[in-house]
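J.: Residue numbers (the numbering used here): -19 to 400.
Just so you know, even glycine gets a beta-carbon here, dropped at the ideal spot from N, CA and C.
Please read all numbers here as calculations on a predicted model, not as lab measurements.
Got a structure for you, questions after.
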């Protein structure tokens, strides 16, 4: 009998985001889950605790929380029950086997109803819903490439965080077989074979900026594109951080306004910074480079606003085409894609066919701008601790794990000059 055909004792591991936080990631209200964890072939309780803490960081975004909960829940159930290993014992072989398992899980793993897993019984305890299954499929189960991509990305972030928190010494994803994952790899690899953040080359970034400046001269409607691109890259932002966000726990909605740009006096000098709400609705303040103020003033001049924002200004940061209201995440993604395609069209017109094709291929990847800004600043000598804080990372070690080291640049430069 294959592993996938074995009948496995399955139990939901994580409740809704709100209940997970209210329980303070303890099992007091989950007696059946507590019993399930201690009855696994391996020590599972500590794995569950560190994973529950990890998930609570995404509690304010229902979509992100649900996606990560599903991926981690499936993986832990496989790891404990099929591989019979804990996270500390997990190897790249386990990852390879899990990726193969995702393509054809056994019948006891797949259900027809999308149920989150728990209900409240008469005693007040939370107990598993009988029909719950880790996978959901109405009809024959078939995995799509996008599902494999999502699982790969989620596990990369998950393991990277566990390493940063010193729960693990090394991520097993680093040496996992790409052939088994068969996921589109959006990351490059550094000189140690470990994954680093995908970014634009210096030439691509310069060309993209120049293309937008030229477009603005012909049609000032591209001023909005220019400001979005410059802001995303220079301030290391995620596209979601420039869009309205709703806190799923409180129901409150935050829409970025020009009032997010503020002044602060530090050791007798006045500086501009911007208030950003990142993942988990966590606040951070990013100092503005002097050169960025030129683009801020330019964008405000186009909008017939005073040169610099005033305290408490409630004007939307990125307006809709109509000029009123803040654009949403999908519209921002469209604006960024249009900017890339504009540069690609200019490349093609100049006979740079290969460059144009590459620019088109990355047009949907908004994270390239954030990674480009951070990578370029680290390479230029900005302290990585400062970059890490502006990125919103929880530790410098996490930042170092995903951005190219300065040694890599020097090694490739000296390699280029070698004689054949």
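Quick one, are the C-beta atoms of residue 224 and residue 294 less than 8 Å apart?
T.: Here residue 224 corresponds to residue number 244 of the chain shown, with the count starting at 1. Here residue 294 corresponds to residue number 314 of the chain shown, with the count starting at 1. No.
J.: Applying the 10 Å Cβ sphere with the 16-neighbour rule, what's the burial state of residue 360?
T.: Your numbering for residue 360 matches position 380 in the chain shown. Classification for residue 360: exposed.
J.: Less than 8 Å between the C-beta atoms of residue 97 and residue 216, yes or no?
T.: On the chain shown, position 117 is the one that residue 97 refers to. On the chain shown, position 236 is the one that residue 216 refers to. Cβ distance not < 8 Å, so residue 97 and residue 216 don't count as in contact.
J.: With 16 as the cutoff for other CB atoms within 10 Å, does residue 184 come out buried or exposed?
T.: Walking along the chain shown from the start, residue 184 turns up at place 204. Label assigned to residue 184: buried.
J.: Taking DSSP as the reference, what is the three-state secondary structure of residue 401?
T.: Summary: the structure shown does not reach residue 401, with the chain confined to residues -19 through 400, and so no result is reported for it.
J.: From residue -9 to residue 220, what distance separates their C-alpha atoms?
T.: The sequence position of residue -9 within the chain shown is 11, counting from 1. The sequence position of residue 220 within the chain shown is 240, counting from 1. Computed Cα separation, rounded: 33 Å.
J.: Would you tell me roughly how many angstroms separate the C-alpha atoms of residue 47 and residue 4, rounded to the nearest one?
T.: Against the chain shown, residue 47 aligns to sequence position 67. Against the chain shown, residue 4 aligns to sequence position 24. Each residue's alpha carbon lies about 21 Å from the other.
J.: Just confirm the distance between the C-beta atoms of residue 22 and residue 66, as a whole number of angstroms; I'd bet it's less than 8 Å.
T.: The sequence position of residue 22 within the chain shown is 42, counting from 1. The sequence position of residue 66 within the chain shown is 86, counting from 1. Yes, they are in contact, since the Cβ atoms of residue 22 and residue 66 sit about 4 Å apart, within 8 Å.
J.: Does the Cβ-Cβ distance between residue 36 and residue 75 come in under 8 Å?
T.: Here residue 36 refers to the residue found at position 56 of the chain shown. Here residue 75 refers to the residue found at position 95 of the chain shown. No, these two residues do not count as a Cβ contact at 8 Å.
J.: Report the three-state DSSP secondary structure of residue 374 (helix, strand or coil).
T.: Within the chain shown, residue 374 is the residue found at index 394, counting from 1. It is coil, neither helix nor strand.
J.: So which of 195, 276, 119 has the shortest CA-CA distance to residue 287?
T.: Position 307 of the chain shown holds residue 287. Out of 195, 276, 119, 276 has the C-alpha closest to the C-alpha of residue 287.
J.: Based on Cα-Cα distance, which residue from 222, 154, 155 lies nearest to residue 237?
T.: Along the chain shown, read from residue 1 onward, the residue named residue 237 stands at position 257. Nearest C-alpha to residue 237: 222.
J.: Assuming residue 383 contacts residue 177 (C-beta within less than 8 Å), just tell me the rounded distance between them.
T.: Here residue 383 corresponds to residue number 403 of the chain shown, with the count starting at 1. Here residue 177 corresponds to residue number 197 of the chain shown, with the count starting at 1. Confirmed, Cβ separation roughly 6 Å.
J.: Apart from the five residues just before and just after residue 364, which ones in its own chain have a Cβ nearer than 7 Å to its Cβ?
T.: For the purposes of this step, residue 364 is identified with residue 384 of the chain shown, where counting begins at 1. Answer for residue 364: 358, 376, 379, 380, listed in chain order.
J.: Is DSSP giving residue 201 helix, strand or coil here?
T.: Along the chain shown, read from residue 1 onward, the residue named residue 201 stands at position 221. Helix, per DSSP.
J.: Rounded to a whole number of angstroms, what is the C-alpha to C-alpha distance between residue 316 and residue 266?
T.: In the chain shown, the residue the question calls residue 316 occupies position 336. In the chain shown, the residue the question calls residue 266 occupies position 286. Taking the straight line joining both Cα atoms gives about 21 Å.
J.: Is the distance from the Cβ of residue 7 to the Cβ of residue -3 below 8 Å?
T.: Residue mapping note: residue 7 aligns to position 27 of the chain shown, counting from 1. Residue mapping note: residue -3 aligns to position 17 of the chain shown, counting from 1. It is not a contact, given that the beta carbons lie outside the stated cut-off.
J.: How long is the line joining the alpha carbons of residue 397 and residue 124, rounded to whole angstroms?
T.: Reading the chain shown from its first residue, position 417 is the one you call residue 397. Reading the chain shown from its first residue, position 144 is the one you call residue 124. The alpha-carbon atoms of residue 397 and residue 124 are separated by roughly 45 Å.
J.: Does the separation of the CB atoms of residue 209 and residue 57 fall below 8 Å?
T.: Along the chain shown, one-based indexing puts residue 209 at 229. Along the chain shown, one-based indexing puts residue 57 at 77. No. Outside cutoff.
J.: Is residue 52 closer than 8 Å to residue 31 when the C-beta atoms are compared?
T.: Counted from its first residue, the chain shown places residue 31 at position 51. Counted from its first residue, the chain shown places residue 52 at position 72. The answer is yes: Cβ separation under 8 Å.
J.: Would you decide whether residue 118 is buried or exposed? Buried here means 16 or more other CB atoms lie within 10 Å of its CB.
T.: One-based indexing of the chain shown puts residue 118 at position 138. Exposed is the call here.
J.: Does residue 106 come out as helix, strand or coil in the three-state DSSP assignment?
T.: Walking along the chain shown from the start, residue 106 turns up at place 126. Correct three-state label for residue 106: strand.
J.: State the DSSP-derived secondary structure class of residue 274, mapped to helix, strand or coil.
T.: Within the chain shown, numbered from 1, the residue matching residue 274 stands at position 294. Residue state, collapsed to three classes: helix.
J.: Indicate whether residue 372 and residue 292 have their beta-carbon atoms separated by less than 8 Å.
T.: Within the chain shown, residue 372 is the residue found at index 392, counting from 1. Within the chain shown, residue 292 is the residue found at index 312, counting from 1. No. Outside cutoff.
J.: How is residue 125 classed by DSSP in three states: helix, strand or coil?
T.: Translated into the one-based positions of the chain shown, residue 125 becomes position 145. Correct three-state label for residue 125: helix.
J.: Short of 8 Å in beta carbon distance, which residues of its chain neighbour residue 130, apart from the five on each side in sequence? Order them along the chain.
T.: Residue numbering aside, residue 130 sits at position 150 when the chain shown is read from its first letter. Correct list, in chain order: 47, 51.
J.: Using the DSSP secondary-structure output, state which residues sit across from residue 314 in a beta bridge.
T.: Within the chain shown, residue 314 is the residue found at index 334, counting from 1. Answer is none; residue 314 lacks a bridge partner.
J.: Measure the C-alpha to C-alpha separation of residue 38 and residue 394 and round it to an integer number of angstroms.
T.: Here residue 38 refers to the residue found at position 58 of the chain shown. Here residue 394 refers to the residue found at position 414 of the chain shown. Their backbone Cα atoms lie some 43 Å apart in a straight line.
J.: Taking only runs that begin and end inside the segment -1 to 71, name each unbroken alpha helix (DSSP H) of 4 or more residues, in chain order.
T.: The segment -1 to 71 contains these whole alpha helix (DSSP H) runs: 11 to 18, 25 to 36, 42 to 58.
J.: Rank 60, 104, 198, 281 by C-alpha distance to the C-alpha of residue 25 and give the top, closest one.
T.: Numbered from its first residue, the chain shown carries residue 25 at position 45. Closest option to residue 25, Cα to Cα, is 60.
J.: Could you pull the DSSP bridge partners for residue 99 from this structure?
T.: The residue labelled residue 99 in the question sits at position 119 within the chain shown. 107, per the DSSP bridge assignment.
J.: Am I right that residue 253 and residue 268 are in contact with their C-beta atoms under 8 Å? What's the rounded C-beta distance?
T.: For the purposes of this step, residue 253 is taken as residue 273 along the chain shown, with counting starting at 1. For the purposes of this step, residue 268 is taken as residue 288 along the chain shown, with counting starting at 1. At roughly 6 Å, the Cβ-Cβ gap stays under 8 Å, so residue 253 and residue 268 are in contact.
J.: Give the DSSP-derived three-state secondary structure of residue 380 in the structure shown.
T.: To locate residue 380, count along the chain shown from 1; it is residue 400. Here residue 380 sits in helix by DSSP.
J.: Is residue 68 near residue 148, with beta carbons less than 8 Å apart?
T.: In the chain shown, residue 68 corresponds to position 88, counting from 1. In the chain shown, residue 148 corresponds to position 168, counting from 1. Taking 8 Å as the Cβ cut-off, residue 68 and residue 148 qualify as a contacting pair.
J.: Residue 267 bridges to which residues according to DSSP?
T.: Counted from its first residue, the chain shown places residue 267 at position 287. Looking at the DSSP assignment, residue 267 forms a beta bridge with 253.
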